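Before any comments, here is the structure.
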Amino acid sequence: MISRTWHGIVPIHMKDAFEKYEYETGVKDTIALKGNRGAYLKIVEQGEYAHFFLCTKWDSMESVRAYASDNPTLAVTYPEDDKYGLISDPIVIIQDVLDDKNPFL
Numbered sequence: 092m093i094s095r096t097w098h099g100i101v102p103i104h105m106k107d108a109f110e111k112y113e114y115e116t117g118v119k120d121t122i123a124l125k126g127n128r129g130a131y132l133k134i135v136e137q138g139e140y141a142h143f144f145l146c147t148k149w150d151s152m153e154s155v156r157a158y159a160s161d162n163p164t165l166a167v168t169y170p171e172d173d174k175y176g177l178i179s180d181p182i183v184i185i186q187d188v189l190d191d192k193n194p195f196l
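Counting from 92, one number per residue, gives the positions in the sequence shown under the numbering used here.
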């Protein structure tokens, strides 16, 4: 099994709105795809910013590419990201994992 973890930050005043948006985009889009085994969101406040970590679990790299295209180590972005002041890490972490459990618990 494969996990793919993205990280981005938004200004703290956009935290709640971006959380809702993230569930409507990244989470919803990934769990709808064949081969997805889960999507888990972790939010960490740090001063004036909120950090978002989205970890998705997949059956195979083929499944990952169905979401992230042929360069799955690059972040998937959405047209309205800028509306929330998102600073997206352009690189995601991909690694082999043993299960589809929530890694943030």
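Ideal placement from N, C-alpha and C gives every residue a C-beta, glycine not left out. Only a predicted model underlies this, so the values are computations on that prediction, with no experimental measurement involved.
Where the beta strand (DSSP E) containing residue i begins and where it ends
i, result
"residue 101", "93–102"
"residue 184", "184–187"
Where residue i falls, given that 16 or more other Cβ within 10 Å makes a residue buried
i, result
"residue 195", "exposed"
"residue 117", "buried"
"residue 172", "buried"
"residue 175", "buried"
"residue 100", "buried"
"residue 123", "exposed"
Spatially closest choice to residue i from the options, by CA coordinates
i, options, result
"residue 132", "100, 121 and 146", "146"
"residue 104", "113, 140 and 135", "140"
"residue 183", "124, 156, 115 and 122", "156"
"residue 144", "98, 94 and 193", "98"
"residue 96", "136, 121 and 112", "121"
"residue 135", "107, 152, 168 and 165", "107"
"residue 178", "185, 186, 187 and 168", "168"
Same chain, Cβ closer than 7 Å to residue i, neighbours up to 5 away in sequence not counted
i, result
"residue 200", "Lying before the first or after the last residue shown, residue 200 is absent from the chain, which here runs from 92 to 196."
Residues near residue i by beta carbon distance below 6 Å, same chain, minus five either side
i, result
"residue 154", "126"
Practice task
Only counting runs of 4 or more residues, tell me where the alpha helix (DSSP H) segments fall wholly within the segment 111–160, in order along the chain.
Solution key: As far as the segment 111–160 is concerned, its whole alpha helix (DSSP H) runs of at least 4 residues are 119–122 and 152–159.
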